[in-house]
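*Asks:*
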Amino acid sequence: MILKARYIGCLAKKFLTESSKKAGRIRIILPNTFYAEFDGNPIVITRKRGRAPLNINLNQSKGEPFQRIIRPDLRILLKDNILKIGNVMVDLRRVETYECVKLGLDSLEVSDDELIKASFILSRLYDLVEEKFLIIYRTSQFNDFLIDVVKPFANGFEDAVHDPGPYRKLMGLGQGFTPAGDDFLSGFLATLNASSKAYGFKGFFLNKDDILSSTSWASGMLLYYSQHGYVGEGVSRVIQSLRDGVGFLDALMDLAKVGHTSGLDLSLGILIASSMILNLIRGKDILNRVIRQFLNNF
């Protein structure tokens, strides 16, 4: 079986190009996506449309579930721009590269009103899934994170974001392939670190070993690279719209649709981080006004 690749993300391309043995192994298999590891680095082969630095996006949007055609721990080989996994080949010839987009924000122009409106809409969307999935903002770990990290930073204690303890409580929290806590932190840290240079505060990066000891390999790898700005195009679009002050709500709502709650949790992370930073810069109690859409007693 030959699967033709349409896009290859900048990191996936780099990892394959720099691989010393040009060989890896299959780590995780889902119906439309499977994860490979090359020299300790993750590569995501998927039929889904969303492009990302770690992804290889296939031309085919539908097909037989990968669990039926690929076995776990199979060896994966790269030769002549073709990935070979058992009887399956992924053709990378003439594939288009999805370039890495620098997430650095030189300003945050989104309005307070848009942030508050976004928080109201997100809270209503969470209400629709509350009977099936963990709602992260109702957990004690999330509340601790607000008290120990978010609120102190918003009030001028910038070092509050550098304590790894509150992050550890959230990592691995929730069900699903990427737990809610990991998705929230991916959005939160991507936004925090993208804004740090412009506003003169020090960003924060979780240690890879710390991440992988707290959550699954695949979810942990996505979190690790997200904090460094290597995010999918949906997340990138939302964060860039914070700078432009245009299209923020539309971009956030598009992201919120992704997965069961992954898009909601990523969106919440971006929303909380941007509100926290703007509270530090503008004041106006914007953070409390945003959070009260979720937690009336905050």
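Read the sequence shown against my numbering and you will find it ends at 471, with the numbers running on by one and no gaps. Backbone N, C-alpha and C define an ideal beta-carbon position, used for all residues, glycine too.
1) Report the residue from S234, M174, R222, L247 whose alpha carbon sits nearest the alpha carbon of Y208.
2) Can you give the beta carbon distance from E272 to C183, rounded, assuming they're within the 8 angstroms contact cut?
3) What is the rounded straight-line gap between the Cα of N205 and the Cα of F378?
4) Drop a sphere of 10 angstroms on the beta-carbon of R244, count the other beta-carbons inside from all chains shown, and report buried for 16 or more, exposed for fewer.
5) On the premise that L428 lies in contact with V408, defined as a C-beta separation below 8 angstroms, what is that separation, rounded to the nearest angstrom?
6) According to DSSP, is E331 part of a helix, a strand, or is it coil?
7) To which residues does DSSP link N316 through a beta bridge?
8) Report the rounded CA-to-CA distance for F350 versus R222, giving the unit in angstroms.
9) Consult DSSP for N214 and reduce its assignment to one of helix, strand or coil.
10) Where G325 and I443 are concerned, what is the direct C-alpha to C-alpha distance, given to the nearest angstrom?
11) What would DSSP say about E287, mapped onto helix, strand or coil?
12) Is M449 helix, strand or coil when you go by DSSP?
13) With L396 and I309 assumed to form a contact (beta carbons below 8 angstroms), what rounded beta-carbon distance in angstroms separates them?
14) Am I right that A446 and F361 are in contact with their C-beta atoms under 8 angstroms? What's the rounded C-beta distance?
15) Determine the direct distance from the alpha carbon of I258 to that of L276, and round the result to whole angstroms.
16) Going along the chain, which residues of its own chain have a beta-carbon closer than 6 angstroms to the beta-carbon of I255, five neighbours each way excluded?
17) With distances taken between CB atoms, is the gap from V283 to G418 smaller than 8 angstroms?
18) Tell me which residue opens and which closes the alpha helix (DSSP H) that V411 is part of.
19) Given that a residue counts as buried once 16 or more other Cβ atoms are within 10 Å of its Cβ, and exposed if not, what is L346?
20) Could you tell me whether the region 330-339 touches the region 384-392, where touching means 3 or more Cβ pairs closer than 8 angstroms?
21) Check D253 in the structure and name its three-state DSSP category.
22) Alpha carbon to alpha carbon, how far is V463 from I242?
23) Nearest CA to the CA of D382: which residue from M394, A371, F374?
24) Tell me the residue span of the beta strand (DSSP E) that contains T270.
25) Could you please give the first and the last residue of the uninterrupted beta strand (DSSP E) stretch that includes Y180?
26) Can you tell which of T364, L203, L358 has its C-alpha closest to the C-alpha of S414?
*Replies:* From the atom records:
1) Residue 208 sits at position 35 when you count from the first residue of the sequence shown. When only C-alpha atoms are compared, the closest one is L247.
2) Within the sequence shown, numbered from 1, the residue matching residue 272 stands at position 99. Within the sequence shown, numbered from 1, the residue matching residue 183 stands at position 10. Yes, E272 and C183 are in contact; Cβ-Cβ is about 6 angstroms, under 8 angstroms.
3) Taking the sequence shown and counting its residues from 1, one reaches residue 205 at position 32. Taking the sequence shown and counting its residues from 1, one reaches residue 378 at position 205. Each residue's Cα considered, the two are about 30 angstroms apart.
4) Counting from one through the sequence shown, the residue named residue 244 turns up at place 71. So R244 ends up on the exposed side.
5) The count along the sequence shown starts at 1 and reaches residue 408 at position 235. The count along the sequence shown starts at 1 and reaches residue 428 at position 255. Rounded, the Cβ-Cβ distance is 6 angstroms, consistent with contact.
6) Translated into positions along the sequence shown, residue 331 becomes position 158. DSSP places E331 in helix when its eight states are reduced to three.
7) For the purposes of this step, residue 316 is taken as residue 143 along the sequence shown, with counting starting at 1. DSSP lists no partner for N316.
8) For the purposes of this step, residue 350 is taken as residue 177 along the sequence shown, with counting starting at 1. For the purposes of this step, residue 222 is taken as residue 49 along the sequence shown, with counting starting at 1. Those two C-alpha atoms are separated by around 18 angstroms.
9) Counted from its first residue, the sequence shown places residue 214 at position 41. Strand.
10) Residue numbering aside, residue 325 sits at position 152 when the sequence shown is read from its first letter. Residue numbering aside, residue 443 sits at position 270 when the sequence shown is read from its first letter. Just to set this straight, residue 325 is Pro in the shown sequence, not Gly. Each residue's alpha carbon lies about 18 angstroms from the other.
11) Residue mapping note: residue 287 aligns to position 114 of the sequence shown, counting from 1. The answer is helix: DSSP assigns E287 an H, G or I state.
12) Sequence index remark: in the sequence shown, residue 449 carries index 276 (1-based). In this structure, M449 counts as helix in the three-state DSSP scheme.
13) Reading the sequence shown from its first residue, position 223 is the one you call residue 396. Reading the sequence shown from its first residue, position 136 is the one you call residue 309. Not confirmed; about 14 angstroms, so no contact.
14) Here residue 446 is taken as the residue at index 273 of the sequence shown, counted from 1. Here residue 361 is taken as the residue at index 188 of the sequence shown, counted from 1. At roughly 5 angstroms, the Cβ-Cβ gap stays under 8 angstroms, so A446 and F361 are in contact.
15) As a first step, residue 276 is located in the sequence shown; it is residue number 103 there, counting from the start. As a first step, residue 258 is located in the sequence shown; it is residue number 85 there, counting from the start. Distance between the alpha carbons of L276 and I258 is about 34 angstroms.
16) Here residue 255 is taken as the residue at index 82 of the sequence shown, counted from 1. So the list reads M262, D264, once near-sequence residues are dropped.
17) Taking the sequence shown and counting its residues from 1, the one referred to as residue 283 is at position 110. Taking the sequence shown and counting its residues from 1, the one referred to as residue 418 is at position 245. Going by C-beta atoms, V283 is nearer than 8 angstroms to G418.
18) As a working note, residue 411 is residue 238 in the sequence shown. Counting along the chain, the alpha helix (DSSP H) containing V411 begins and ends at 406-417.
19) The residue given as residue 346 occupies position 173 in the sequence shown. The residue is buried, with at least 16 neighbouring Cβ atoms inside 10 Å.
20) no
21) Counting from 1 along the sequence shown, the entry for residue 253 is found at position 80. D253 falls in the coil class under three-state DSSP.
22) Taking the first residue of the sequence shown as 1, we reach residue 463 at position 290. Taking the first residue of the sequence shown as 1, we reach residue 242 at position 69. When rounded, the distance between both Cα atoms is 47 angstroms.
23) Numbered from its first residue, the sequence shown carries residue 382 at position 209. The shortest Cα separation from D382 among M394, A371, F374 belongs to M394.
24) For the purposes of this step, residue 270 is identified with residue 97 of the sequence shown, where counting begins at 1. Counting along the chain, the beta strand (DSSP E) containing T270 begins and ends at 269-271.
25) Within the sequence shown, numbered from 1, the residue matching residue 180 stands at position 7. Looking at the DSSP string, the run of the beta strand (DSSP E) that includes Y180 is 175-182.
26) The sequence position of residue 414 within the sequence shown is 241, counting from 1. Ranking the options by Cα distance to S414, first place goes to T364.
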